[in-house]
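Have a look at the structure below before the remarks.
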Amino acid sequence: MSSSEAASLSLGLTPSAQGLSSWRELTPGLRRSLAYVSSRPAHAAAVDRPGLRLTWADLRATLEDLLRLLPALDRDPAVLAREFAWFQLAPETLLSGYYEPWLKASLTPAPGYPVPLYGPPDDLQVVDLGRFHPKWQGQQLTYRVVNGRVEPYHDRAAIDGRGALNGRGLEIAWTRDPVDVFFLQIQGSGRLVLPDGRIKHVLYAGKNGREYVSLAKIMDQRGLLPREAASMPAIRSLLAERPDLRRELLDTNPSYVFFRLADDGPYGSAGQVLTPFVSAAVDRGVMPLGAVFALDTRLPAPEGGEERFRGLMLAQDTGGAIKQTRVDLFCGSDERGEFVAGRLKSQARVMVLVSKRVLDLGK
Numbered sequence: 010m011s012s013s014e015a016a017s018l019s020l021g022l023t024p025s026a027q028g029l030s031s032w033r034e035l036t037p038g039l040r041r042s043l044a045y046v047s048s049r050p051a052h053a054a055a056v057d058r059p060g061l062r063l064t065w066a067d068l069r070a071t072l073e074d075l076l077r078l079l080p081a082l083d084r085d086p087a088v089l090a091r092e093f094a095w096f097q098l099a100p101e102t103l104l105s106g107y108y109e110p111w112l113k114a115s116l117t118p119a120p121g122y123p124v125p126l127y128g129p130p131d132d133l134q135v136v137d138l139g140r141f142h143p144k145w146q147g148q149q150l151t152y153r154v155v156n157g158r159v160e161p162y163h164d165r166a167a168i169d170g171r172g173a174l175n176g177r178g179l180e181i182a183w184t185r186d187p188v189d190v191f192f193l194q195i196q197g198s199g200r201l202v203l204p205d206g207r208i209k210h211v212l213y214a215g216k217n218g219r220e221y222v223s224l225a226k227i228m229d230q231r232g233l234l235p236r237e238a239a240s241m242p243a244i245r246s247l248l249a250e251r252p253d254l255r256r257e258l259l260d261t262n263p264s265y266v267f268f269r270l271a272d273d274g275p276y277g278s279a280g281q282v283l284t285p286f287v288s289a290a291v292d293r294g295v296m297p298l299g300a301v302f303a304l305d306t307r308l309p310a311p312e313g314g315e316e317r318f319r320g321l322m323l324a325q326d327t328g329g330a331i332k333q334t335r336v337d338l339f340c341g342s343d344e345r346g347e348f349v350a351g352r353l354k355s356q357a358r359v360m361v362l363v364s365k366r367v368l369d370l371g372k
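For this note's numbering, add 9 to where a residue sits in the sequence shown, where the first one is 1.
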């Protein structure tokens, strides 16, 4: 991207759009990203794709420079264009959203809480296939062993429909609604409201290794709900109206997520606490965890229509459905976060920021 275009976009960045009173409030998130990047092999490639090759040392230097320059951004946002090169991932990319839902739950079996949340089963095995052949680098196999044979792990139909995990003591909590649990698994984390009013975080702890299948896609294929109308509220409404189809439709997504309880969160894939409207999930094959990028898009507005959103983002998470240049924006845990995440499906421009000092050193 040209310096003049980067300068124009940088002037449109305002911390208030991301719920920040000052760019200085990015400091904790940037430090968390820096801690992750600093733990990686300095000279190994963090990303290597046409037009952009960066080592972890390059990312570390970029984060250090941005931290140093944060105090200047409030009075002079154009410093981002002067000090950093902007690399656009693609002409446009799909932007979706996720949030941290609240569920009423009990930590012990109780009337009115029939739906369990499971922790990771002890027979769930994961192997790094890259250890066996370079062509499988970055791929994992999730499985179980049955009578000495490797088998795929139980899918959603087996777990929720046929009770494959019943009686094993794997329940960490019990909730009220299977649809709530289904969407909790898609979001990856949430908060449990216990009968005594206490709040517990429930965090991602593993998955069964089965392919993620979009319920919106299935509903569209079956003529139940057009894909362009398939927001989270619309899907919930249809499932409520058709209880006769609910179990069958939920089971079309064989992917299943396991959880753990915690006192804080949510955490991204790199072990970092996420920041609403700052943290995002990416495909690490396209953009490395720890990268900083500018986002230019439009978000659904609670008062109706859409509103322009330009932000300075941190790549701190991944997701099973987040592939190629698609980006998933973490929207928080409040009403606005639920509203935006449930309706967000926009085209966006994504520009990775790299310190010009790094690029100069590489010449």
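Cβ coordinates follow ideal geometry from the N, Cα and C atoms, glycine included.
- Beta bridge pairing from DSSP links arginine 158 with Val155.
- A residue is called buried once 16 or more other Cβ atoms fall within 10 Å of its Cβ, and glutamine 230, having fewer, is exposed.
- Inclusion of leucine 353 and serine 105 in the CB contact set at 8 Å is warranted, their separation being smaller than that value.
- The secondary-structure analysis by DSSP pairs histidine 52 with nothing; it has no beta-bridge partner.
- Per the C-alpha coordinates, the member of Ser246, Thr261, Pro242 positioned closest to tyrosine 221 is Thr261.
- Counted as a single uninterrupted DSSP element, the beta strand (DSSP E) harbouring lysine 216 occupies residues 208-216.
- According to the DSSP assignment, arginine 352 belongs to the alpha helix (DSSP H) that extends over 344-352.
- Here the segment 212-220 lies against the segment 263-271, with 3 or more beta-carbon pairs under 8 Å apart.
- The C-beta of valine 295 has 16 or more other C-beta atoms within 10 Å across all chains shown, which makes the residue buried.
- Distance from the CA atom of aspartate 131 to the CA atom of alanine 173, rounded to whole angstroms, is 13 Å.
- For isoleucine 331, no beta strand (DSSP E) run applies, since DSSP gives it neither H nor E.
- 8 Å or more divides the Cβ of phenylalanine 348 from the Cβ of proline 285.
- In the DSSP assignment, tryptophan 95 falls within the unbroken beta strand (DSSP E) covering 93-97.
- Looking at the DSSP output, serine 30 bridges to nothing.
- Going by beta carbons, aspartate 67 and valine 367 fall inside the 8 Å limit.
- Looking from the CA of arginine 256, the closest CA among Tyr276, Glu237, Leu224 belongs to Leu224.
- One Cα belongs to valine 287, the other to alanine 300, and the distance between them is close to 12 Å.
- DSSP places isoleucine 168 outside any alpha helix (DSSP H), giving it a letter other than H or E.
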